[in-house]
Amino acid sequence: EPEVTQTPSHQVTQMGQEVILRCVPISNHLYFYWYRQILGQKVEFLVSFYNNEISEKSEIFDDQFSVERPDGSNFTLKIRSTKLEDSAMYFCASEQGTDTQYFGPGTRLTVL
Amino acid sequence: GENVEQHPSTLSVQEGDSAVIKCTYSDSASNYFPWYKQELGKGPQLIIDIRSNVGEKKDQRIAVTLNKTAKHFSLHITETQPEDSAVYFCAANLPGDSFGNEKLTFGTGTRLTIIP
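Top to bottom, those sequences are chains A and B. Reminder that position 50 of the first sequence reads as 50 in my numbering, one-by-one numbering, no gaps. Reminder that position 115 of the second sequence reads as 115 in my numbering, one-by-one numbering, no gaps.
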């Protein structure tokens, strides 16, 4: 069964450094999402992406965040200058256009 | 925007008994309600979903009910097994804009523990 994959599984970085989180959505899906989950809290929407542009973003998704689909398979989330409060699990999700979103296993980002 | 509330935050049931988790939503425009199961260290896995044109959906031991008037929906797990132990999240969509994408708003989660 096709699934969303994410790399790395765990990323440790120093405050102020740039990180890129990578996702490979399910191949025939059209809509892509990033969510985050701070430890012990609920999953929060960050951004949605369709047809090579951002469709919607939350107030969390400020100028330090960007997304890109550099080729036909990868979908990336970049944080330009990480802050301590960026520490969280980041989930990528993809959707075919039928409402159902499938989530990847997540990347645990730790900012020191 | 949408707000989703979920209860209870923790639930312990004896193996073989039933578990019920309830959610309410605020935006009457929401029309899609998935339930996700999250095991420790893993991403949310879709277990069942329901659209607003039906009131109930069942898949083996799992069922979801939706009351659009009251804006609440519930997850029912029957004949619970130890492998059902996990955190369960409800979610509601906000129907897509002109691009068609639909962000999900999640509830705060229920930690379900099945006691052998």
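Just so you know, even glycine gets a beta-carbon here, dropped at the ideal spot from N, CA and C. As the structure is a computational prediction, the values presented were derived from the model and not from experiment.
* **D62(A) (DSSP reduced to helix, strand or coil)** => Residue state, collapsed to three classes: coil.
* Asked: Can a CB atom of chain B be found closer than 8 Å to the CB of Y102(A)?
  -> So yes, Y102(A) belongs to the interface.
* Can you name the residues of chain A whose CB is closer than 9 Å to the CB of F89(B)? -> For a Cβ distance threshold of 9 Å, residue set K42, V43 of chain A lies close to F89(B), ordered along the chain.
* Asked: Taking 8 Å as the CB-CB limit, is S81(A) close to chain B?
  -> No, no contact with chain B.
* Asked: Taking only runs of the beta strand (DSSP E) that begin and end inside the region 29-60 of chain A, which ones reach a length of at least 3 residues, in chain order?
  -> Those beta strand (DSSP E) runs which fall completely within the region 29-60 of chain A and span 3+ residues are 31-37, 43-50, 53-57.
* Does DSSP put M84(A) in a helix, in a strand, or in coil? -> The identity of residue 84(A) in the sequence shown is Leu, whereas the question assumes Met. L84(A): helix per DSSP, three-state reduction.
* **Identified DSSP bridge partners for Q101(A)** => Q101(A) pairs with E95(A).
* Within the same chain, show all residues whose beta-carbon is closer than 6 Å to that of F106(B), passing over the 5 residues directly before and after it, in chain order. => F89, A91.
* To do: Rank L39(A), I54(A), F61(A) by C-alpha distance to the C-alpha of Y31(A) and give the top, closest one.
  => A check of alpha carbon separations from Y31(A) across L39(A), I54(A), F61(A) identifies I54(A) as the nearest.
* Cα-Cα, which of D86(A), M89(A), F49(A), D62(A) is closest to Q96(A)? -> Taking only the C-alpha atoms, the option nearest Q96(A) is F49(A).
* Which stretch, first to last residue, makes up the beta strand (DSSP E) that contains Q119(B)? -> Nothing can be reported for residue 119(B): it is not among the residues displayed for chain B, which extend from 1 to 116.
* Asked: Do you know offhand how far S105(A)'s Cα is from D99(A)'s?
  -> First, the residue type needs correcting, since residue 105(A) is Pro and not Ser in the sequence shown. If I take the Cα positions, the gap works out to 19 Å.
* CA-CA distance, T82(A) and N74(A)? -> Roughly 22 Å separates the two Cα atoms.
* Asked: On the premise that I60(A) lies in contact with L39(A), defined as a C-beta separation below 8 Å, what is that separation, rounded to the nearest angstrom?
  -> The Cβ separation is near 16 Å, so there is no contact.
* Asked: Below 8 Å between beta carbons: does that hold for T110(B) and P8(B)?
  -> One thing to note: T110(B) has its Cβ within 8 Å of the Cβ of P8(B).
* What residue does the beta strand (DSSP E) around K42(B) start on, and which one ends it? -> Where K42(B) is concerned, there is no enclosing beta strand (DSSP E), given that its DSSP letter is neither H nor E.
* **Inter-stretch contact (C-beta, 8 Å, three-pair minimum) for the region 43-51 of chain B and the region 11-26 of chain B** => A contact between stretches requires three or more CB pairs, one per stretch, nearer than 8 Å, and the region 43-51 of chain B fails this requirement with the region 11-26 of chain B.
* Asked: If you draw a straight line from the alpha carbon of P2(A) to that of S52(B), how long is it in whole angstroms?
  -> Using only the alpha carbons, I get a separation of about 27 Å.
* Compare the Cα-Cα distances from N28(A) to each of T110(A), D86(A), T107(A), Q101(A) and report the closest residue. => Considering only alpha carbons, the answer is Q101(A).
* Applying a beta-carbon distance threshold of less than 7 Å, which residues of chain B neighbour D99(A)? -> Ordered by position in chain B, the residues that pass the 7 Å Cβ test against D99(A) are Y32, N93, E102.
* Contact under 8 Å by Cβ, L77(A) with F65(A) -> F65(A) is positioned such that its CB atom lies closer than 8 Å to that of L77(A).
* To do: Determine the contact status of E2(B) and D27(B), defining contact as a CB-CB distance below 8 Å.
  => Going by C-beta atoms, E2(B) is nearer than 8 Å to D27(B).
* If you compare alpha carbons, which of K42(B), L11(B), I114(B), L104(B) is closest to W35(B)? -> Out of K42(B), L11(B), I114(B), L104(B), L104(B) has the C-alpha closest to the C-alpha of W35(B).
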